[in-house]
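Q:
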Amino acid sequence: MEQFHKTTRIEVPAAQLERWHFRPGAFQRLTPPWERVEVVEEPGEISDGARAVIRTKVIGPISAAWIAEHKDCIAGKGFTDVQLKGPFAQWTHVHTFSAIDENSCTLDDSINYRLPLGFLGKIFGGGFVRTKLDRTFRYRHAVTKMDLERQATEPGADNKAMTLLVTGATGMVGSALEGYLRMRGHHVRRVTRRPTRPDDVRWNPRKGEFDLPRDTTIDAVVHLAGENVAGGRWNEARRQRIIESRRQGTQLLCETISKLNRPPSVLISASGVNYYEAGTKMPVDESAPRGTGFLSDVCEIWESGTSAAEAAGIRTVHLRIGVILSPAGGALAKMLPAFQLGAAGRLGAGTQRMAWISLDDVIDIIHRATQDGRYTGAINAVAPDIITNSDFTRTLAETLHRPAILPIPAIALQLALGEQMANETLLADLAIAPGKLEALGYPFRFPKLDSALTYMLGRSD
Numbered sequence: 001m002e003q004f005h006k007t008t009r010i011e012v013p014a015a016q017l018e019r020w021h022f023r024p025g026a027f028q029r030l031t032p033p034w035e036r037v038e039v040v041e042e043p044g045e046i047s048d049g050a051r052a053v054i055r056t057k058v059i060g061p062i063s064a065a066w067i068a069e070h071k072d073c074i075a076g077k078g079f080t081d082v083q084l085k086g087p088f089a090q091w092t093h094v095h096t097f098s099a100i101d102e103n104s105c106t107l108d109d110s111i112n113y114r115l116p117l118g119f120l121g122k123i124f125g126g127g128f129v130r131t132k133l134d135r136t137f138r139y140r141h142a143v144t145k146m147d148l149e150r151q152a153t154e155p156g157a158d159n160k161a162m163t164l165l166v167t168g169a170t171g172m173v174g175s176a177l178e179g180y181l182r183m184r185g186h187h188v189r190r191v192t193r194r195p196t197r198p199d200d201v202r203w204n205p206r207k208g209e210f211d212l213p214r215d216t217t218i219d220a221v222v223h224l225a226g227e228n229v230a231g232g233r234w235n236e237a238r239r240q241r242i243i244e245s246r247r248q249g250t251q252l253l254c255e256t257i258s259k260l261n262r263p264p265s266v267l268i269s270a271s272g273v274n275y276y277e278a279g280t281k282m283p284v285d286e287s288a289p290r291g292t293g294f295l296s297d298v299c300e301i302w303e304s305g306t307s308a309a310e311a312a313g314i315r316t317v318h319l320r321i322g323v324i325l326s327p328a329g330g331a332l333a334k335m336l337p338a339f340q341l342g343a344a345g346r347l348g349a350g351t352q353r354m355a356w357i358s359l360d361d362v363i364d365i366i367h368r369a370t371q372d373g374r375y376t377g378a379i380n381a382v383a384p385d386i387i388t389n390s391d392f393t394r395t396l397a398e399t400l401h402r403p404a405i406l407p408i409p410a411i412a413l414q415l416a417l418g419e420q421m422a423n424e425t426l427l428a429d430l431a432i433a434p435g436k437l438e439a440l441g442y443p444f445r446f447p448k449l450d451s452a453l454t455y456m457l458g459r460s461d
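Under the numbering used here, residues 1 to 461 are what the sequence shown spells out, in order.
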């Protein structure tokens, strides 16, 4: 048998740590963003005999099921997971929550496991598995500590359990947000074209269809849906799809929720930092005027689509989001393979400034906006650390312990993507400041790029 063990001190009472783990959404929240995992079956509660079923991607489309059963669930102490079916010959994982004093505790994960194929499995897979476990639990302990200690600074927030309607809930931001909201004690209803859960809400913006009865009770709405801007070259048809997906979806959503018998109190609608003019001499905040490019037009159309909600008295937040850092998707996920091979470098001249933000900050800001009435109007969801593309690529390479010596010329990006798309995305010089967030006193989880990357990639505590 092999053994793995990790312990972390957390400055909250042990009862809060236990409650955090026992809530729906905790497993989803604890899954590292670089893991390709699907939760097939989640137990209604952590109790003896309850089972969790997940499916993990192995290679390409090949996946494997992992079935674990909970046992020895002792209130105030912890619980144990035992593998019934999965990649290990044997796996027992003991979660222990121990009080240090009334305001602090320790989280302890102890795993006894045996690899398949006996001696051969240990020789050829032992090092790989240990490295993967170390990386995974470094992330899990970091996110648990960060969530709980920050939550402790929000008195009374847990008493405001809400029902939220979320569009784009299966995307990178939406899926992470769902786990976080459920872990915080909220109920999430996904808006989707293809419902798979009993409380999913079906819609089809192109046809103007939205199956949301007027007597539905919704406390808050988060609107993230829209055609992927980076999904392909910008020909005329794709530009139109990008615009209409936002115009149609936003108008349909806002007209529908404004007509509910009891409209929600708040709508958080996504937008982008491309709203602003590129190439400004100094960083700009929310008071700056809009730019002149295609993406500026898209953002303005997206934001103007919320007029029905605002007219109905629904507090509306336009979250102008920068480049979201997560290995689960977006720009970072696309860049990682080349950087991991040491076959990458700056894009173009590398002097263009980049407005970025960690995925964890995005979902934290969204949650705070549902709770705090001061969050209203346009809000720049960007980190205060304004960097250049050269800064970003160098820091990413250092985090991965790889060189970054193969720059990609601007002309190559323009030929590959089209001149307009390259200039407005990868080569855009956007110096954006989080003016309102700083005025509101929002405490960024990751104000600096190096800490965001090491956390998101599981590289250090």
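By construction, the Cβ of each residue, glycine as well, lies at the ideal position given by its N, Cα and C atoms.
As the structure is a computational prediction, the values presented were derived from the model and not from experiment.
Would DSSP call residue 121 helix, strand or coil?
A: Counting from 1 along the sequence shown, the entry for residue 121 is found at position 121. Here residue 121 sits in helix by DSSP.
Q: Taking Cβ positions, are residue 395 and residue 453 nearer each other than 8 Å?
A: Mapped onto the sequence shown, residue 395 falls at position 395. Mapped onto the sequence shown, residue 453 falls at position 453. In this structure, residue 453 lies closer than 8 Å to residue 395 by Cβ.
Q: Below 8 Å, how does it come out for the region 419-433 and the region 276-285: are there three or more Cβ pairs, yes or no?
A: Touching, yes.
Q: Starting from residue 239, follow the alpha helix (DSSP H) in both directions and report where the run begins and ends.
A: Counting from one through the sequence shown, the residue named residue 239 turns up at place 239. Residues 236-258.
Q: With DSSP as the reference, identify every bridge partner of residue 203, one or two as the case may be.
A: Start at 1 with the first residue of the sequence shown, and residue 203 comes out as number 203. According to DSSP, residue 203 bridges with 210.
Q: If I follow the unbroken beta strand (DSSP E) through residue 38, where does it start and stop?
A: The residue labelled residue 38 in the question sits at position 38 within the sequence shown. 37-41 is the extent of the beta strand (DSSP E) around residue 38.
Q: Could you have a look at residue 69 and say whether DSSP puts it in helix, strand or coil?
A: The residue labelled residue 69 in the question sits at position 69 within the sequence shown. DSSP places residue 69 in strand when its eight states are reduced to three.
Q: Could you give the first and the last residue of the continuous alpha helix (DSSP H) run that contains residue 452?
A: Along the sequence shown, one-based indexing puts residue 452 at 452. Taken as a continuous stretch (DSSP letters only), the alpha helix (DSSP H) holding residue 452 covers 449-456.
Q: Compute the beta-carbon to beta-carbon distance between residue 165 and residue 191, rounded to the nearest angstrom, for a pair I have assumed lies under 8 Å.
A: Numbered from 1 along the sequence shown, position 165 holds the residue referred to as residue 165. Numbered from 1 along the sequence shown, position 191 holds the residue referred to as residue 191. About 6 Å; that satisfies the 8 Å criterion.
Q: What residue ranges within the region 377-461 form continuous beta strand (DSSP E) runs of no fewer than 3 residues, ordered along the chain?
A: DSSP runs (the beta strand (DSSP E)) wholly in the region 377-461: 377-381.
Q: Less than 8 Å separating the beta-carbons of residue 208 and residue 226?
A: For the purposes of this step, residue 208 is taken as residue 208 along the sequence shown, with counting starting at 1. For the purposes of this step, residue 226 is taken as residue 226 along the sequence shown, with counting starting at 1. No, these two residues do not count as a Cβ contact at 8 Å.
Q: Grab the span of the alpha helix (DSSP H) containing residue 370 for me, first residue to last.
A: Residue mapping note: residue 370 aligns to position 370 of the sequence shown, counting from 1. Its alpha helix (DSSP H) spans residues 359-371.
Q: Ends of the alpha helix (DSSP H) at residue 462?
A: Missing from the structure shown is residue 462; the chain here goes from 1 to 461 and no further.
Q: Grouping DSSP H, G and I as helix and E and B as strand, with all else coil, what is residue 468?
A: Nothing about residue 468 can be reported from this structure: the residues present for the chain run from 1 to 461 only.
Q: Between 412, 382 and 141, which lies nearest to residue 430 when the distance is taken from Cα to Cα?
A: Stepping through the sequence shown from its first residue, residue 430 is reached at position 430. That would be 382, whose Cα lies nearest to the Cα of residue 430.
Q: Can you check the region 80-165 for any alpha helix (DSSP H) of at least 4 residues that lies completely inside it and give the ranges in chain order?
A: Correct list: 118-151.
Q: So, is residue 78 buried or exposed, given that buried needs 16 or more other C-beta atoms within 10 angstroms?
A: Reading the sequence shown from its first residue, position 78 is the one you call residue 78. Answer is buried; the Cβ neighbour count reaches 16.
Q: Taking Cβ to Cβ, would you say residue 106 is nearer than 8 Å to residue 7?
A: Residue numbering aside, residue 106 sits at position 106 when the sequence shown is read from its first letter. Residue numbering aside, residue 7 sits at position 7 when the sequence shown is read from its first letter. Against a cut-off of 8 Å, the Cβ pair of residue 7 and residue 106 comes out as a contact.
Q: Given residue 3, which residues of its chain have a CB within under 6 Å of its CB, disregarding the five upstream and five downstream residues?
A: What you label residue 3 is simply residue 3 of the sequence shown in a count that begins at 1. If we look at residue 3 and ignore the five residues flanking it on each side, its Cβ neighbours are 112.
Q: Going by DSSP, what residue range makes up the beta strand (DSSP E) through residue 21?
A: The sequence position of residue 21 within the sequence shown is 21, counting from 1. Segment 14-22 is the alpha helix (DSSP H) holding residue 21; no beta strand (DSSP E) there.
Q: What's the C-alpha gap between residue 134 and residue 9?
A: Here residue 134 refers to the residue found at position 134 of the sequence shown. Here residue 9 refers to the residue found at position 9 of the sequence shown. Spanning the two alpha carbons is a distance of roughly 17 Å.
Q: If contact is defined by three or more beta carbon pairs under 8 Å, each pair taking one atom from either stretch, is the region 89-103 in contact with the region 9-25?
A: Flag = yes, the region 9-25 and the region 89-103 touch.
Q: Between the alpha carbons of residue 290 and residue 321, how many angstroms are there, rounded?
A: Translated into the one-based positions of the sequence shown, residue 290 becomes position 290. Translated into the one-based positions of the sequence shown, residue 321 becomes position 321. Using only the alpha carbons, I get a separation of about 15 Å.
Q: May I ask which residues mark the beginning and end of the beta strand (DSSP E) holding residue 272?
A: If you number the sequence shown from 1, residue 272 lands on position 272. Where residue 272 is concerned, the enclosing beta strand (DSSP E) stretches over 266-272.
Q: Give me whichever residues DSSP pairs with residue 78 in a beta bridge.
A: By one-based count along the sequence shown, residue 78 stands at place 78. BP columns for residue 78 point to 74 and 96.
Q: Among 347, 356 and 435, which has the Cα closest to the Cα of residue 416?
A: As a first step, residue 416 must be located in the sequence shown, where it is residue number 416. Nearest C-alpha to residue 416: 347.
Q: Short check: CB of residue 222 to CB of residue 177, under 8 Å?
A: Position 222 of the sequence shown, counted from the first residue, corresponds to residue 222. Position 177 of the sequence shown, counted from the first residue, corresponds to residue 177. Their beta carbons are under 8 Å apart, which means residue 222 touches residue 177 by this criterion.
Q: Less than 8 Å between the C-beta atoms of residue 34 and residue 183, yes or no?
A: Within the sequence shown, the letter at position 34 stands for residue 34. Within the sequence shown, the letter at position 183 stands for residue 183. For residue 34 and residue 183, no; Cβs fall outside 8 Å.
Q: Between the region 398-413 and the region 254-271, can you find at least three pairs of beta-carbon atoms closer than 8 Å?
A: These segments do not touch.
Q: Please classify residue 380 as buried or exposed, where buried requires at least 16 other C-beta atoms within 10 Å of its C-beta.
A: What you label residue 380 is simply residue 380 of the sequence shown in a count that begins at 1. By the neighbour-count rule (16 or more Cβ atoms within 10 Å), residue 380 is buried.
Q: Does DSSP classify residue 52 as helix, strand or coil?
A: Position 52 of the sequence shown holds residue 52. Correct three-state label for residue 52: strand.
Q: When the Cα atoms are used, what is the spatial distance from residue 312 to residue 263?
A: Stepping through the sequence shown from its first residue, residue 312 is reached at position 312. Stepping through the sequence shown from its first residue, residue 263 is reached at position 263. Answer to the nearest angstrom: the Cα atoms are 8 Å apart.
Q: Are three or more beta carbon pairs between the region 344-363 and the region 443-457 nearer than 8 Å?
A: Yes, since at least three Cβ pairs between the region 344-363 and the region 443-457 fall closer than 8 Å, the two stretches touch.
Q: Check each candidate in 272, 437 and 29 and name the one with the smallest Cα separation from residue 139.
A: Locating residue 139 in the sequence shown gives position 139, where the first residue counts as 1. If we check each option's Cα against that of residue 139, 29 comes out closest.
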